[in-house]
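A quick write-up on the structure given underneath.
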Amino acid sequence: VNKLANFLTNVGIGLNDRVALYMPLSKESVVCFLALARIGAIVVPLFSGFGKDAINIRLKASEAKMVISFCFNKRRNKKIDMKKTLLEAIEGTSVKKILFIGKDIEKMRNVEIYSYDEVEKCSPFIKVPIFESSFPLMIIYTSGTTGLPKGVLHFHSGFPIKAAQDMLHVFDLKSDDIITWITDIGWMMGPWLIYGALINRATIFIYNGSPDYPDVDIIWKLVDKYKVTCVGLSPSYIRSIATKSKVNELDLESLRMVGSTGEVWDEYHWNWTFENICKGKKPIINYSGGTEISGGILGNVVIKPIKPLSFNSPVLGIDAVVLDENANKVKGEVGYLCIANHNPGMATTFWNDHQRYIETYWSKFENIWYHGDLAYIDNDGFFYILGRADDTLKIAGKRIGPAEYETVINNVEGVKESAVVGIPDEVKGMAPLAFVVASDTSIKQKIFDKVIETLGKPFALKDVIFVDDLPKTRNFKIMRRILRDIVVYGHIKGDTSNLVNPEVCEKIISQYKKVIS
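Position one of the sequence shown corresponds to residue 683 (the numbering used here), numbered consecutively onward.
Right, dumping it as structure tokens:
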């Protein structure tokens, strides 16, 4: 860490300079985060699967001075030329320096190119600059429903402390724990893992690769081999492996808990995870928050009972409330998940776009953080999240989350996974449309019937569109917004740079057009 910090100082990087990281979650990424923080530079983590346009947008927006990048990465046994992508992406940006990790480095005009070998020559001793704890630490970009990505600005006294606190109080993380998370440095959970685990003196287990390759149980085999104690994942990851997995044959004795974040569980796959991975004994720690608050709003603490799909507690320091349209607290009915206090991890602005920050989080209710999730609290005080407010369907005046539909559809034999979005309807105002990945497309009527049988006739599906795959982020989160854009506009309006499989979008558009024609 000190060698890299010295190298960066020697090449002219200092306080407030933005340095982008274009690499997967790796030991090198951990060193980069710590070294940049040490010298007061601002980290701009980029998703390792980004194409040149997505990188270019973020480099321009952050006015990055330097990029540290892998030359190549490997995923699903394919060599990915990150160097080529980056060199194309820096055109028209403020980037003047690149540090490449790897071989085959060539010089360029107008940009200083360095090899990581030069870092090894630097001194391990450093005079650390002094700056305020409120000094900027990181700009992490998160996709907006419209327009450019939002550059969330975090500080030294906020993000690392919130991450560490949540790991300690929600996940009961101890110094002898080994934790891993299926994520990337371009998403909050990557930096969260790095800072939170190290501050708690825990060990990070890093796996750079697809979590279901070369076989669907690769993660769990590694957990068994290296005695990992905490694994973080998304429900969509479980849905993608459940039919083929033989994880029930593995011991997983070291595992103390499974963390889950990113989206809503369905009951079948929550139970499958509890029985097959947690062996009916270890807790599933539901954890929900956001990039903008450096961690969680709601979680499961291990000193209280846990109901399936639920959150048994607000995260320590968070005054989590569920409000109706008039800002009244509600219980037993669906409302908006909000935060009624301030906490250190809460971002205070977007990079160079403060007005958008205010409009996004502080304009719906006075002095209340509006997070954009729909939730409710049951009579026992347990929280449940139904999904994003902009994903929620309102059918004939009744509000229902897409997860309620998807739970029913996913239990129909032959269905691999599904996503439900609302489309305009002249009679009901909005009607549910299901995109379904299935091994057998003759089950369409079974899906219609099962939804009516379970949810009732007023909530009947408008149609079922069979597709080869669903648009997902690298941590397997389904992006329903993209499906809604396809239906409503015939094309995708919002940012798609976080997709791990952008090629499916054109296929879905084609498959949808065939059905409606």
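Think of the CB as a built atom: it goes at the ideal place given N, C-alpha and C, for glycine as much as any other residue. As the structure is a computational prediction, the values presented were derived from the model and not from experiment.
- Query: How about I783 and F752: do their beta carbons lie closer than 8 Å?
  - Reply: A contact, by the Cβ cut-off of 8 Å.
- With a threshold of 16 other CB atoms inside 10 Å of the CB of Y1171, please say whether the residue is buried or exposed. exposed
- Item | K1154, buried or exposed, once every other Cβ within 10 Å from all chains shown has been counted against 16 | buried
- Per-residue DSSP class, three states only, for I739: For I739, the secondary structure class from DSSP, reduced to helix, strand or coil, is helix.
- How would you call L741, buried or exposed, if buried means at least 16 neighbouring beta carbons within 10 angstroms? buried
- Query: Would DSSP call F993 helix, strand or coil?
  - Reply: strand
- Can you say whether H1173 is buried or exposed, counting buried as having 16 or more other CB atoms within 10 angstroms of its CB? exposed
- Query: Do you know offhand how far V1188's Cα is from G999's?
  - Reply: Correcting the residue type first, residue 1188 is Glu in the shown sequence and not Val. Looking at the two C-alpha atoms, the distance is approximately 44 Å.
- Task: Say whether the region 884–897 touches the region 858–868, bearing in mind that this needs 3 or more beta-carbon pairs closer than 8 Å, one atom from each stretch.
- Result: yes
- Message: Less than 8 Å between the beta carbons of L1165 and A1101, yes or no?
- Response: yes
- Task: Report all residues from its chain with a CB closer than 6 Å to the CB of K1046; omit the five preceding and five following residues, and keep chain order.
- Result: So the list reads Y1052, once near-sequence residues are dropped.
- Check P1114 in the structure and name its three-state DSSP category. strand
- Around the C-beta of F837, are 16 or more other C-beta atoms found within 10 angstroms, so that it is buried, or is it exposed? buried
- According to DSSP, is N1092 helix, strand or coil? helix
- Task: Drop a sphere of 10 angstroms on the beta-carbon of S916, count the other beta-carbons inside from all chains shown, and report buried for 16 or more, exposed for fewer.
- Result: buried
- Message: Quick check: K928 and D899, are their CB atoms within less than 8 Å of each other?
- Response: yes
- Endpoints, the beta strand (DSSP E) within which C912 is located: Run containing C912: C912 to L915, per the beta strand (DSSP E) assignment.
- Query: Which value, in whole angstroms, describes the spacing of the CA atoms of E1185 and K1175?
  - Reply: 16 Å
- Leaving out the 5 sequence neighbours to the left and right, which residues in its chain are closer than 7 Å to P811 when beta-carbon positions are compared? L697, I721 and G722
- Message: Given this structure, state the Cα-to-Cα distance separating D906 from L932, to the nearest angstrom.
- Response: 7 Å
- Message: Per DSSP, what are the beta-bridge partners of Y1171 in this structure?
- Response: Paired residues: none, contrary to the question.
- Selection from S776, R1156 and N684 that minimises the alpha carbon distance to S700: This sequence places Arg at residue 700; Ser is not what is there. Selected option, being the one with the closest Cα: S776.
- Query: Does the distance from the C-beta atom of L686 to that of A717 stay below 8 Å?
  - Reply: yes
- Ignore the nearest five residues each way along the sequence and tell me which others in G868's own chain have a CB closer than 6 Å to its CB. P727, L728 and F729
- Task: Decide if the region 1075–1087 is in contact with the region 1101–1110; the criterion is three or more beta carbon pairs, one per stretch, under 8 Å apart.
- Result: yes
- Please determine, among M820, Y1018 and D1167, the residue with the shortest C-alpha to C-alpha distance to L1005. Y1018
- N692: buried (16+ other C-beta within 10 angstroms of its C-beta) or exposed? exposed
- Where do the ends of the beta strand (DSSP E) carrying W869 lie? First-last for W869: undefined, no H or E at that position.
- Beta-carbon proximity list for N755, same chain, < 7 Å, skipping 5 on both sides: P706, S730, I762 and M764
- Give the straight-line distance between the Cα atoms of D1150 and S1124, rounded to the nearest whole angstrom. 15 Å
- Task: Have a look at F1148 and N1092 and give me their C-alpha separation to the nearest angstrom.
- Result: If you take the alpha carbons of F1148 and N1092, they lie about 13 Å apart.
- Message: Quick check: the Cα distance between K926 and M748, rounded to an integer number of angstroms?
- Response: 43 Å
- Task: Could you say if the region 972–987 and the region 1024–1043 meet the contact criterion of at least three C-beta pairs nearer than 8 Å?
- Result: The region 972–987 vs the region 1024–1043: in contact.
- Take S815 and list the residues in its own chain whose beta-carbon comes closer than 6 Å to its own, dropping the five residues that flank it on each side. H838 and S839
- Query: Quick one: Cα of Q1127 to Cα of N982, how far?
  - Reply: Taking the CA atoms as reference points, Q1127 sits about 38 Å from N982.
- Item | Beta carbon of K1139 nearer than 8 Å to that of D1107 | no
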